[in-house]
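Have a look at the structure below, then the notes.
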Amino acid sequence: MGSFKFTYILILFFTLCYCEWKFDIKDYINLKLSKHFVISTNIAIQNYSQMLTDQLKHGLHFHIHLNTEEDLQIYIKTKPERLSKKTKFIIIENDENTTTLTHPNKLVEGFITKEKYGSYVIGYLEDFYFYGKIVMTDKVFYIENLKKYIDIFPEYFNTSYNAIAFERDFLSSESKNKFKETYYLKPQDVDHSYRTISKRMAVRGKLCSLLVLIDYSFLSIVHHFNTDSAVNQVLMAVEEANSLFRSTDFDENGYPDNIGFYVKYCIVEKTRRSNLLPPYSGTPMEAKLFVKMFSQNNLLPNVCLGVAFTGQSFKNNILGISYSPVPAKIMALGGICGLYLNTLAVSARSSGRNILQFIFNLSLCHELGHSFGADHDSTKKCEGYLMSPQTPPDQDRKHFIFSPCSKRDMLITMRHKGQCFEDDHDAFCGNKIKEETEECDCGPVRDCWEFDKCCIPHGRRNACKINRDYGYKCHPSQGLCCTSQCQYANLESYGLHLFYLIFD
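Numbering-wise, the sequence shown is residues -19 to -1, 1 to 485 according to mature numbering (1 follows the signal peptide of the UniProt record, and there is no 0).
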């Protein structure tokens, strides 16, 4: 009797998807017509100190003249390292790897002294000049290096100014009120607050580790070979993404899910001859080719996601591209924890010109959204949010948050593919979760100012503590003993009575 061999063929169907984000070329016209003015941000001159770095540890003041009636006094200090305190920095130079274990943190944060609780300042120092973002109650100023925009504003060439400030208004009151109605959980809902206290305290953060690659074109074209400047711009963008993800309520159960990032590896290319990415081209490149080559990096299996930052322009005005598990399926390749297909790329240039910092930040957040499983917002219910297919025209709050559609898909992806997330054991002030070392947490600064003035925002002295200077005594998140006005409650209304025991 003959023997038979049976061969079983297992066929797996995988879904591989590229997701792209396009730049609206009309934004260059809008940029020329936008509110802007040149300024000087030299901090060293104003502080007359050879020990500026030491001063920043304890905080210092400097003045800046924006488009306001008077100069603004700004307080800044070194921002606590969370994103990069465990980062391994790898410098690729002359075909050799030079590894440094630490990077001097030059990110700073603070506030406008006259708007202590309604403002926020974040940025970095480059040769003792400040660049970054200044948030006020009704507008935001992006302070950028003038060198980046000389081709758009040649009239400012050879002036004594180092920076250009772009002024953008925040929401209209109608949009702001609508946002408040849909976003803010009223503290006077005592029963709900009481039930969620233990949940809020129990929420442990999860971290998605990042491999960050800063390519030669980003370093040379965008930052004129200033490594600190390039690294700090990237860290600012990652910080913005971290703040967004940390404060997002993905499962929509009433409180954020505390999903964050940290930079595990940071590679800086100082040579043209690196084989980690395609060689720079003076003409726009296919974005898919760029991210495909990046996906061959042998460090990718050790991280949740890899992010390449480049000065290479992509075809069709594309600013970012990512492998994405869209639609959200168990067998979908790409995205978070995807070994070699866990990559995305963000360009700082389009059509041969530098893009604004806030567009750069949004590009990163948008592509991270794809990597977490979000598709483009295409339905009427979810249009106008962060995952819209094109860059936004203004500063509407919706453009900076995920839509209900995106959150649903991202939650599915995290449940199916989030096995590489790491536990975060440190409290994070600014994620709207009251953690063990905090008295309260009102989230991002704008939310604190508009919705929760009882709590001191992050970036301030005594951050995430009760704002006692303004007469507040407690916070509703602490339980029944505190009213929605942040005053101690009359517990007799709950049937509780206070008895005094007097000893002779």
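The C-beta atom is built at its ideal place from N, Cα and C for all residues, glycine as well.
Just so you know, these numbers come straight off a predicted model, no measurement behind them.
By the Cβ rule, the stretch 210 to 221 does not count as touching the stretch 356 to 375, because fewer than three pairs are nearer than 8 Å. Distances from the CA of Ile414 to each of Lys60, Cys435, Cys445 were compared; the closest alpha carbon is that of Cys445.
Under the three-state reduction of DSSP output, Met391 falls in the helix class. In the structure shown, the three-state DSSP call for Glu220 is helix. Beta-bridge analysis with DSSP links Met266 to Phe295.
Ser352 and Gly186 have their C-alpha atoms roughly 19 Å apart. Three or more beta-carbon pairs separated by less than 8 Å link the stretch 248 to 266 to the stretch 52 to 72, which places the two stretches in contact.
It is roughly 21 Å from the alpha-carbon of Phe43 to the alpha-carbon of Val426.
Take the alpha-carbon of Ser465 and the one of Val121: they are about 29 Å apart. Just measuring C-alpha positions, the residue of Phe409, Phe231, Glu90, Leu106 sitting nearest Ser100 is Glu90.
Distance between Tyr469 and Asp230, taken at the CA atoms: about 29 Å. Using a Cβ-Cβ distance cut-off of 8 Å, the stretch 442 to 459 and the stretch 251 to 266 are not in contact, since fewer than three pairs of beta carbons, one from each stretch, lie closer than that value. Inclusion of Arg330 and Gly292 in the CB contact set at 8 Å is warranted, their separation being smaller than that value.
The DSSP-derived three-state label of Phe381 is helix. For Ala211, the secondary structure class from DSSP, reduced to helix, strand or coil, is helix. Across the set Gln459, Val288, Cys467, Cys463, the C-alpha of Cys467 shows the shortest separation from the C-alpha of Gly452. The Cβ atoms of Met217 and Gly316 lie no closer than 8 Å to each other. Secondary structure note for Ser100: it is in no alpha helix (DSSP H), with a DSSP letter that is neither H nor E. Where Asp405 is concerned, the enclosing beta strand (DSSP E) starts and stops at 403 to 405. With 16 or more other Cβ atoms inside 10 Å of its own Cβ, Phe409 counts as buried. Ser328 and Asp358 do not touch by the CB rule: their CB atoms are close to 22 Å apart, not below 8 Å. Residue Leu64 holds the alpha-carbon nearest to the alpha-carbon of Ser224 among Leu64, Arg442, Ile45, Lys454. Judged by their CB atoms, Glu348 and Asp209 are not nearer to each other than the 8 Å cut-off. Contact check for Ile24 against Phe92 fails: the beta carbons are separated by 8 Å or more.
The straight-line gap separating the alpha-carbon atoms of Tyr321 and Tyr56 is approximately 43 Å.
A Cβ-Cβ contact shorter than 8 Å links Ile131 with Phe138. If you ignore the 5 residues before and after His439, its C-beta comes within less than 6 Å of the C-beta of Cys410, Gly411, all in its own chain and listed in chain order. The shortest C-alpha to C-alpha distance from Ser21 to any of Asp238, Asn278, Thr140 is the one to Thr140. Collapsing the DSSP output to three states places Asp196 in coil. Per DSSP, the continuous alpha helix (DSSP H) segment holding His347 begins and ends at 338 to 352. Going by beta carbons, Leu258 and Asp356 fall outside the 8 Å limit. Inclusion of Lys454 and Tyr98 in the CB contact set at 8 Å is not warranted, their separation being larger than that value. In this structure, Ser294 is the residue among Tyr366, Ser294, Glu364 with its C-alpha nearest to the C-alpha of Ser332.
Under DSSP, the beta-bridge partners assigned to Thr324 are Gly287.
For Asp428, no beta strand (DSSP E) segment is defined; the enclosing uninterrupted segment is the alpha helix (DSSP H) at 426 to 432. Per DSSP, the beta-bridge partners of Val121 are Val116, Arg149.
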